[in-house]
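Participant: A single structure is presented below for examination.
In full-length UniProt numbering, the protein residues as written are 1 to 310.
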(Lines of atoms letter the chains of each structure in order from A and count residues from 1; the text may use other names and numbers.)
(Lines give C-alpha, C1' and ligand atoms only; values in the text may rest on other atoms or scores of the structure.)
Protein backbone atom coordinates (compact mmCIF):
# COMPACT_ATOMS: atom_id res chain seq x y z
CA UNK A 1 0.00 0.00 0.00
CA UNK A 2 1.26 3.43 -0.97
CA UNK A 3 0.42 6.53 1.07
CA UNK A 4 0.95 10.02 -0.32
CA UNK A 5 0.57 13.10 1.88
CA UNK A 6 -0.91 15.85 -0.25
CA UNK A 7 -1.37 18.35 2.57
CA UNK A 8 -0.24 18.19 6.18
CA UNK A 9 -1.47 21.46 7.66
CA UNK A 10 -4.65 22.27 9.55
CA UNK A 11 -7.29 24.69 8.26
CA UNK A 12 -5.60 27.69 6.66
CA UNK A 13 -2.34 25.82 6.02
CA UNK A 14 1.06 27.16 7.02
CA UNK A 15 1.90 29.95 6.96
CA UNK A 16 -1.74 30.96 7.17
CA UNK A 17 -2.50 33.68 4.64
CA UNK A 18 -3.63 36.29 7.19
CA UNK A 19 -1.54 35.26 10.20
CA UNK A 20 1.49 37.14 11.53
CA UNK A 21 2.14 34.94 14.56
CA UNK A 22 5.75 34.11 15.43
CA UNK A 23 5.71 30.85 13.46
CA UNK A 24 4.00 32.18 10.32
CA UNK A 25 6.11 35.34 10.25
CA UNK A 26 9.24 33.34 11.03
CA UNK A 27 8.62 30.97 8.13
CA UNK A 28 7.93 33.78 5.67
CA UNK A 29 11.05 35.66 6.67
CA UNK A 30 13.28 32.61 6.79
CA UNK A 31 13.99 33.05 10.49
CA UNK A 32 13.01 29.49 11.42
CA UNK A 33 13.49 26.15 9.68
CA UNK A 34 9.93 25.21 8.76
CA UNK A 35 8.31 23.88 5.59
CA UNK A 36 5.17 25.48 4.17
CA UNK A 37 2.13 23.21 4.32
CA UNK A 38 -1.17 23.04 2.48
CA UNK A 39 -4.37 21.87 4.15
CA UNK A 40 -4.55 18.21 5.11
CA UNK A 41 -5.42 15.40 2.75
CA UNK A 42 -3.78 12.11 1.81
CA UNK A 43 -4.16 9.61 -1.02
CA UNK A 44 -3.75 5.83 -0.84
CA UNK A 45 -3.14 3.30 -3.59
CA UNK A 46 -2.55 -0.44 -3.89
CA UNK A 47 -0.27 -0.03 -6.93
CA UNK A 48 0.66 3.62 -7.50
CA UNK A 49 -1.68 3.79 -10.49
CA UNK A 50 -5.16 4.16 -8.99
CA UNK A 51 -5.74 6.37 -5.97
CA UNK A 52 -8.36 6.99 -3.29
CA UNK A 53 -8.42 10.51 -1.87
CA UNK A 54 -9.02 10.82 1.88
CA UNK A 55 -10.61 14.24 2.35
CA UNK A 56 -10.62 16.91 -0.35
CA UNK A 57 -8.70 19.98 0.76
CA UNK A 58 -9.40 23.49 -0.60
CA UNK A 59 -5.82 23.26 -1.92
CA UNK A 60 -6.58 20.18 -4.06
CA UNK A 61 -5.67 21.83 -7.38
CA UNK A 62 -2.23 22.86 -6.15
CA UNK A 63 -1.72 19.49 -4.50
CA UNK A 64 -2.51 17.55 -7.68
CA UNK A 65 -0.22 19.77 -9.75
CA UNK A 66 2.62 19.21 -7.29
CA UNK A 67 2.33 15.40 -7.28
CA UNK A 68 2.95 13.62 -10.62
CA UNK A 69 1.34 10.45 -9.25
CA UNK A 70 -2.02 12.23 -9.62
CA UNK A 71 -1.48 13.76 -13.07
CA UNK A 72 -3.67 12.67 -16.04
CA UNK A 73 -2.17 9.83 -18.08
CA UNK A 74 -4.68 8.59 -20.64
CA UNK A 75 -6.43 10.62 -23.34
CA UNK A 76 -7.32 14.30 -23.26
CA UNK A 77 -9.06 14.17 -19.87
CA UNK A 78 -8.18 11.70 -17.13
CA UNK A 79 -7.58 11.42 -13.41
CA UNK A 80 -6.12 8.51 -11.43
CA UNK A 81 -8.25 9.60 -8.46
CA UNK A 82 -11.13 7.13 -8.58
CA UNK A 83 -12.87 7.77 -5.25
CA UNK A 84 -13.01 10.21 -2.33
CA UNK A 85 -13.63 9.22 1.30
CA UNK A 86 -14.58 11.95 3.77
CA UNK A 87 -13.69 11.80 7.48
CA UNK A 88 -16.11 14.60 8.36
CA UNK A 89 -17.81 17.64 6.83
CA UNK A 90 -15.29 20.27 7.98
CA UNK A 91 -14.77 23.02 5.43
CA UNK A 92 -11.02 22.32 5.11
CA UNK A 93 -11.75 18.66 4.35
CA UNK A 94 -14.58 18.94 1.81
CA UNK A 95 -14.43 22.14 -0.24
CA UNK A 96 -11.82 20.59 -2.53
CA UNK A 97 -14.70 18.62 -4.01
CA UNK A 98 -15.56 21.79 -5.94
CA UNK A 99 -12.07 21.73 -7.42
CA UNK A 100 -12.81 18.31 -8.92
CA UNK A 101 -15.89 19.55 -10.79
CA UNK A 102 -14.24 19.40 -14.25
CA UNK A 103 -13.67 15.65 -13.90
CA UNK A 104 -15.96 12.62 -14.01
CA UNK A 105 -18.77 12.02 -11.55
CA UNK A 106 -17.19 11.76 -8.09
CA UNK A 107 -17.50 8.45 -6.27
CA UNK A 108 -17.99 9.81 -2.77
CA UNK A 109 -17.90 7.73 0.40
CA UNK A 110 -19.35 9.40 3.50
CA UNK A 111 -21.58 8.74 6.49
CA UNK A 112 -25.24 9.82 6.51
CA UNK A 113 -24.33 12.66 8.89
CA UNK A 114 -21.73 14.05 6.52
CA UNK A 115 -24.04 13.63 3.53
CA UNK A 116 -26.72 15.59 5.42
CA UNK A 117 -24.30 18.42 6.20
CA UNK A 118 -23.16 18.63 2.57
CA UNK A 119 -26.71 18.86 1.26
CA UNK A 120 -28.01 21.33 3.88
CA UNK A 121 -25.68 23.53 5.96
CA UNK A 122 -22.92 23.47 3.32
CA UNK A 123 -24.72 22.22 0.18
CA UNK A 124 -21.65 21.42 -1.92
CA UNK A 125 -23.21 18.27 -3.30
CA UNK A 126 -26.23 20.23 -4.55
CA UNK A 127 -23.89 22.63 -6.38
CA UNK A 128 -21.88 19.77 -7.88
CA UNK A 129 -25.02 18.34 -9.48
CA UNK A 130 -24.77 21.28 -11.91
CA UNK A 131 -21.26 20.14 -12.88
CA UNK A 132 -19.83 16.62 -12.64
CA UNK A 133 -22.22 15.37 -9.97
CA UNK A 134 -21.49 12.85 -7.24
CA UNK A 135 -22.37 9.25 -6.61
CA UNK A 136 -22.88 8.81 -2.85
CA UNK A 137 -21.82 5.51 -1.35
CA UNK A 138 -23.08 5.39 2.22
CA UNK A 139 -20.58 4.48 4.92
CA UNK A 140 -23.03 2.98 7.44
CA UNK A 141 -21.62 4.38 10.67
CA UNK A 142 -24.20 5.80 13.05
CA UNK A 143 -25.99 5.29 16.33
CA UNK A 144 -26.68 1.63 15.56
CA UNK A 145 -23.22 0.83 14.19
CA UNK A 146 -19.98 2.27 15.56
CA UNK A 147 -17.79 0.79 12.82
CA UNK A 148 -18.32 -0.53 9.32
CA UNK A 149 -16.16 -2.29 6.76
CA UNK A 150 -16.70 -1.25 3.15
CA UNK A 151 -15.10 -1.84 -0.24
CA UNK A 152 -14.33 0.46 -3.12
CA UNK A 153 -14.68 -1.11 -6.61
CA UNK A 154 -11.31 -1.36 -8.32
CA UNK A 155 -9.51 -1.43 -4.98
CA UNK A 156 -10.22 -5.01 -3.96
CA UNK A 157 -6.71 -5.37 -2.52
CA UNK A 158 -7.57 -2.80 0.13
CA UNK A 159 -10.10 -3.23 2.93
CA UNK A 160 -11.60 -0.05 4.43
CA UNK A 161 -13.10 0.12 7.92
CA UNK A 162 -14.71 3.33 9.16
CA UNK A 163 -14.68 3.90 12.91
CA UNK A 164 -16.79 6.49 14.74
CA UNK A 165 -14.56 8.75 16.84
CA UNK A 166 -15.07 11.70 19.23
CA UNK A 167 -14.92 15.07 17.51
CA UNK A 168 -16.89 18.17 16.58
CA UNK A 169 -19.38 18.75 13.80
CA UNK A 170 -18.74 21.94 11.79
CA UNK A 171 -20.46 25.21 12.74
CA UNK A 172 -22.97 24.88 9.86
CA UNK A 173 -24.02 21.37 10.88
CA UNK A 174 -27.40 20.69 12.52
CA UNK A 175 -25.39 18.55 14.97
CA UNK A 176 -22.98 21.28 16.07
CA UNK A 177 -24.32 21.56 19.61
CA UNK A 178 -24.61 17.84 20.25
CA UNK A 179 -22.40 15.31 18.54
CA UNK A 180 -24.06 12.58 16.52
CA UNK A 181 -22.34 9.26 15.87
CA UNK A 182 -20.99 9.46 12.34
CA UNK A 183 -20.07 13.15 12.38
CA UNK A 184 -16.43 12.12 12.59
CA UNK A 185 -14.75 8.91 11.52
CA UNK A 186 -11.28 7.44 11.35
CA UNK A 187 -10.22 4.87 8.76
CA UNK A 188 -8.39 1.60 9.20
CA UNK A 189 -7.11 0.50 5.78
CA UNK A 190 -5.66 -2.97 5.38
CA UNK A 191 -3.72 -4.31 2.42
CA UNK A 192 -5.17 -7.78 1.96
CA UNK A 193 -2.03 -9.00 0.20
CA UNK A 194 0.31 -8.65 3.18
CA UNK A 195 -1.87 -7.54 6.11
CA UNK A 196 -0.22 -4.13 6.49
CA UNK A 197 -2.54 -1.51 7.96
CA UNK A 198 -2.91 2.27 8.14
CA UNK A 199 -4.98 4.08 10.78
CA UNK A 200 -5.86 7.59 9.58
CA UNK A 201 -7.51 10.17 11.81
CA UNK A 202 -6.61 13.84 11.20
CA UNK A 203 -9.19 14.97 13.76
CA UNK A 204 -9.45 13.15 17.08
CA UNK A 205 -10.90 14.81 20.17
CA UNK A 206 -9.86 12.09 22.62
CA UNK A 207 -8.56 8.55 22.72
CA UNK A 208 -10.48 6.07 24.85
CA UNK A 209 -10.19 2.31 25.00
CA UNK A 210 -12.23 1.88 21.81
CA UNK A 211 -10.06 4.24 19.76
CA UNK A 212 -6.88 2.84 21.29
CA UNK A 213 -7.92 -0.68 20.34
CA UNK A 214 -8.21 0.30 16.69
CA UNK A 215 -4.93 2.24 16.79
CA UNK A 216 -3.09 -0.77 18.20
CA UNK A 217 -4.05 -2.79 15.12
CA UNK A 218 -2.13 -0.48 12.79
CA UNK A 219 1.38 -0.70 11.37
CA UNK A 220 1.25 3.00 10.52
CA UNK A 221 -0.59 5.64 12.53
CA UNK A 222 -1.36 8.99 10.94
CA UNK A 223 -3.23 10.96 13.57
CA UNK A 224 -4.31 14.37 14.82
CA UNK A 225 -1.30 16.63 15.41
CA UNK A 226 -3.19 19.93 15.44
CA UNK A 227 -2.02 21.39 18.76
CA UNK A 228 0.90 20.93 21.12
CA UNK A 229 -0.98 22.10 24.23
CA UNK A 230 -4.56 22.62 25.33
CA UNK A 231 -4.36 26.43 25.63
CA UNK A 232 -2.14 26.95 22.60
CA UNK A 233 -4.44 29.25 20.65
CA UNK A 234 -5.27 31.27 23.75
CA UNK A 235 -1.62 31.66 24.75
CA UNK A 236 -0.73 32.83 21.24
CA UNK A 237 -3.59 35.35 21.26
CA UNK A 238 -5.13 33.71 18.20
CA UNK A 239 -8.42 32.47 19.68
CA UNK A 240 -10.31 32.18 22.94
CA UNK A 241 -11.00 28.48 22.37
CA UNK A 242 -9.02 25.63 23.94
CA UNK A 243 -8.12 22.55 21.91
CA UNK A 244 -10.93 20.45 23.42
CA UNK A 245 -13.56 22.93 22.29
CA UNK A 246 -12.18 22.69 18.76
CA UNK A 247 -12.31 18.88 18.76
CA UNK A 248 -8.59 18.08 18.97
CA UNK A 249 -6.44 16.17 21.45
CA UNK A 250 -3.14 18.06 21.89
CA UNK A 251 0.18 16.28 22.03
CA UNK A 252 0.70 17.09 25.72
CA UNK A 253 -2.87 16.40 26.82
CA UNK A 254 -4.99 18.13 29.41
CA UNK A 255 -5.89 17.43 33.06
CA UNK A 256 -7.19 13.88 33.39
CA UNK A 257 -6.65 13.15 29.70
CA UNK A 258 -3.39 11.75 28.29
CA UNK A 259 -1.99 13.62 25.30
CA UNK A 260 -1.39 12.18 21.88
CA UNK A 261 2.29 11.60 22.61
CA UNK A 262 1.49 9.46 25.64
CA UNK A 263 -1.12 7.57 23.63
CA UNK A 264 1.31 6.85 20.81
CA UNK A 265 3.85 5.42 23.22
CA UNK A 266 1.37 2.68 24.15
CA UNK A 267 1.19 1.44 20.55
CA UNK A 268 3.61 -0.75 18.61
CA UNK A 269 3.14 0.83 15.19
CA UNK A 270 6.42 1.10 13.30
CA UNK A 271 5.45 4.48 11.84
CA UNK A 272 3.80 7.10 14.05
CA UNK A 273 3.00 10.29 12.16
CA UNK A 274 1.29 13.53 13.21
CA UNK A 275 -0.77 15.29 10.54
CA UNK A 276 -3.18 18.28 10.40
CA UNK A 277 -0.63 20.57 12.10
CA UNK A 278 -1.99 23.98 13.08
CA UNK A 279 0.04 27.09 12.29
CA UNK A 280 0.35 27.74 16.06
CA UNK A 281 2.03 24.40 16.85
CA UNK A 282 5.74 24.75 17.74
CA UNK A 283 6.54 21.36 16.18
CA UNK A 284 6.46 23.15 12.81
CA UNK A 285 9.80 24.70 13.78
CA UNK A 286 12.31 21.94 13.04
CA UNK A 287 14.73 23.48 15.54
CA UNK A 288 12.29 23.63 18.45
CA UNK A 289 12.54 21.69 21.70
CA UNK A 290 9.11 20.24 20.97
CA UNK A 291 10.27 18.86 17.63
CA UNK A 292 13.35 17.34 19.31
CA UNK A 293 11.08 15.61 21.83
CA UNK A 294 9.03 14.09 19.02
CA UNK A 295 12.15 12.84 17.29
CA UNK A 296 13.42 11.28 20.50
CA UNK A 297 10.03 9.59 20.94
CA UNK A 298 10.05 8.11 17.42
CA UNK A 299 7.16 10.29 16.27
CA UNK A 300 7.27 11.87 12.81
CA UNK A 301 5.69 15.09 11.57
CA UNK A 302 3.95 14.79 8.22
CA UNK A 303 4.96 17.14 5.43
CA UNK A 304 3.53 17.81 1.99
CA UNK A 305 4.90 15.23 -0.44
CA UNK A 306 5.72 12.65 2.25
CA UNK A 307 5.48 9.12 0.87
CA UNK A 308 5.09 5.93 2.89
CA UNK A 309 5.00 2.39 1.54
CA UNK A 310 3.60 -0.37 3.76
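Don't be surprised by glycine CBs; every beta carbon is placed ideally from N, CA and C.
Among the residues of its own chain, which have a CB less than 8 Å from the CB of residue 48, if the five just before and after it don't count?
Facilitator: 2, 69
Participant: Express the C-alpha separation of residue 84 and residue 277 in angstroms, rounding to a whole number.
Facilitator: 22 Å
Participant: Considering only the beta carbon of each residue, do residue 184 and residue 24 sit closer than 7 Å?
Facilitator: Against a cut-off of 7 Å, the Cβ pair of residue 24 and residue 184 comes out as no contact.
Participant: Is the region 203-223 touching the region 172-188 in the sense that three or more CB pairs, one from each, lie closer than 8 Å?
Facilitator: yes
Participant: On the CB-based measure, 16 or more other CB atoms within 10 Å of its CB, does residue 18 come out buried or exposed?
Facilitator: exposed
Participant: Could you check what DSSP says for residue 208 in three-state terms: helix, strand or coil?
Facilitator: coil
Participant: In terms of residues, what are the limits of the alpha helix (DSSP H) holding residue 83?
Facilitator: No alpha helix (DSSP H) holds residue 83; the beta strand (DSSP E) holding it covers 81-85.
Participant: Could you give the DSSP three-state label for residue 227: helix, strand or coil?
Facilitator: Reduced to three states, the DSSP call for residue 227 is coil.
Participant: Measure the C-alpha to C-alpha separation of residue 150 and residue 108 and round it to an integer number of angstroms.
Facilitator: 13 Å
Participant: Within the continuous beta strand (DSSP E) that includes residue 5, where are the two ends?
Facilitator: 2-7
Participant: Comparing alpha-carbon positions, which option in 307, 310, 275 lies nearest residue 299?
Facilitator: 275
Participant: My guess is that residue 105 and residue 135 are in contact by the Cβ rule of under 8 Å, so how many angstroms apart are they, rounded?
Facilitator: The Cβ separation is near 5 Å, so the contact holds.
Participant: Given a cut-off of 7 Å on the beta-carbon distance, is the pair residue 204 and residue 249 in contact?
Facilitator: yes
Participant: Buried or exposed: where does residue 110 fall if 16 or more other Cβ atoms within 10 Å of its Cβ makes it buried?
Facilitator: buried
Participant: Under 8 Å Cβ to Cβ from residue 307, same chain only, skipping five residues before and after it: list those, please.
Facilitator: 2, 3, 4, 5
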